[in-house]
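**Student:** Under our numbering, the residues of the sequence shown are numbered 1 to 272, in order.
Where is the CB? At the ideal position from N, CA and C, for every residue including glycine.
Dropping a structure here in structure tokens format, bear with me for questions.
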Amino acid sequence: MFGTGLLKGLGITLKHFTDTFADDRRKEPARYEGSIQIDARRRVIDQPITQEGLLTIQYPEERRLLPERFRYIPMLIWDTEVGEDRCTACGICAKVCPPQCIWIVRDMDDNGKPVTRPSEFYIDVAVCMSCSFCTEFCPFDAIKMNHDYELAVYDRYPQLVYDKAELTVPLEYYAALWPSQFAEEQQRRAQEKEEDRRREEEKKQAAEAKAAKRSQEAPEAPKNQPAARKTDDNRETAAGDTAEAEAKRVRLEEMKRKAAEKAAQRKKESGS
Ligand code: SF4
Ligand code: SF4
């Protein structure tokens, strides 16, 4: 019938309208259970997916709990476990940032030698497009996406160019914002640390074993071998000398015998 679809649509809208009041009535005050009180005026409400009707949040006093993977602008992690910035000023994030809104200045030591930490770090958050490339390419888990989206200011410059102090947050803040990602990273970092420790241990053991083997073999070889060779040579020389003397003696005996025979022959001839 003509107009049936229209009536059906209006019916759904009307149901949403009445459900809004009925659901609110049913859940009041339970609607605020599990909400997070930010301060005296503001709270975060974790609105369940079973919410019926139209949702009304009394913003800015109330705001929705954001999903973990929500991202707005980046933040730099201050590692409270080791007491330093995780950032090493490698510059990878600045290179991969599509709108090129990151600037980094590497710090120097007292001798003017560059060190692995930034002295300055800026992000133009008016240009940042929340793509999260910087966080994905950072090899040190030093830059992560913040959930803070209330950045309105009167002047673009310099207020929307965030410096290192404005960008830096403690590790615990990141852990609270991204609990499951943080847990995965901690596990991976612990595994990598264990792997590095094991490799170091193996290297050390191999070096020790090599050194021990060398110290066992090296000092004896040069001394013993010539000595052994010398003994063998001596033995061979002595044996050679004895054989030669014996041969000489035999030859002499032979010559004496022949000389005696010749003398006896000569005497016999002269006598006859
Ligand atoms: S945030 Fe990460 S990628 Fe960027 S400079 Fe620091 S360590 Fe390198
Ligand atoms: S989120 Fe994207 S646009 Fe923003 S600073 Fe990171 S890489 Fe650049």
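Measure the C-alpha to C-alpha separation of A260 and E253 and round it to an integer number of angstroms.
**Tutor:** Locating residue 260 in the sequence shown gives position 260, counting from the first residue. Locating residue 253 in the sequence shown gives position 253, counting from the first residue. The alpha-carbon atoms of A260 and E253 are separated by roughly 10 Å.
**Student:** How about the segment 87–97 and the segment 109–119: do they share at least three Cβ pairs that are nearer than 8 Å?
**Tutor:** With a cut-off of 8 Å, the segment 109–119 and the segment 87–97 count as touching, because enough Cβ pairs lie within range.
**Student:** Here's a check: name, in chain order, each residue in its chain whose Cβ is nearer than 6 Å to the Cβ of Y106, leaving out the five neighbours to either side.
**Tutor:** By one-based count along the sequence shown, residue 106 stands at place 106. Note on identity: in this sequence residue 106 is Arg, with Tyr being the wrong assignment. Within the same chain, R106 has close Cβ partners A89 and P114.
**Student:** Going by alpha carbons, who is nearest to R71 out of Q186, E246, I143 and R266?
**Tutor:** Taking the first residue of the sequence shown as 1, we reach residue 71 at position 71. Ranking Q186, E246, I143 and R266 by Cα distance to R71 puts I143 first.
**Student:** Can you tell which of K268, A183 and A211 has its C-alpha closest to the C-alpha of E68?
**Tutor:** By 1-based counting over the sequence shown, the position of residue 68 is 68. Ranking K268, A183 and A211 by Cα distance to E68 puts A183 first.
**Student:** Grab me the residues of F133's own chain with a C-beta within less than 6 Å of its C-beta, minus the 5 sequence neighbours each way, in chain order.
**Tutor:** One-based indexing of the sequence shown puts residue 133 at position 133. Answer for F133: V96, listed in chain order.
**Student:** Kindly indicate the opening and closing residues of the beta strand (DSSP E) around S119.
**Tutor:** For the purposes of this step, residue 119 is taken as the residue at position 119 of the sequence shown. Here the beta strand (DSSP E) through S119 covers P114 to D124.
**Student:** Contact check, F137 vs I92 under 8 Å by CB: the rounded distance?
**Tutor:** Walking along the sequence shown from the start, residue 137 turns up at place 137. Walking along the sequence shown from the start, residue 92 turns up at place 92. Indeed they touch by this definition, with Cβ atoms about 5 Å apart.
**Student:** Under a Cβ-count criterion, where at least 16 other Cβ atoms within 10 Å of its own Cβ denotes burial, should V153 be classed as buried or exposed?
**Tutor:** Along the sequence shown, one-based indexing puts residue 153 at 153. Burial call: exposed.
**Student:** Taking the alpha carbon of M129 as the point to measure from, which residue in G112, V169, L151 and P99 has its own alpha carbon closest?
**Tutor:** Mapped onto the sequence shown, residue 129 falls at position 129. Per the Cα distances, P99.
**Student:** Is the distance from the Cβ of I73 to the Cβ of V125 below 7 Å?
**Tutor:** One-based indexing of the sequence shown puts residue 73 at position 73. One-based indexing of the sequence shown puts residue 125 at position 125. Contact flag set, yes.
**Student:** Which one of V127, M145 and A245 has the shortest CA to CA distance from V169?
**Tutor:** Translated into positions along the sequence shown, residue 169 becomes position 169. Looking at the Cα atoms, M145 is the closest of the given residues.
**Student:** Could you tell me if D155 is buried or exposed, where buried requires 16 or more neighbouring beta carbons within 10 angstroms of its beta carbon?
**Tutor:** Counting from 1 along the sequence shown, the entry for residue 155 is found at position 155. D155 should be labelled exposed.
**Student:** Three-state secondary structure (DSSP) at E254?
**Tutor:** The count along the sequence shown starts at 1 and reaches residue 254 at position 254. E254 falls in the helix class under three-state DSSP.
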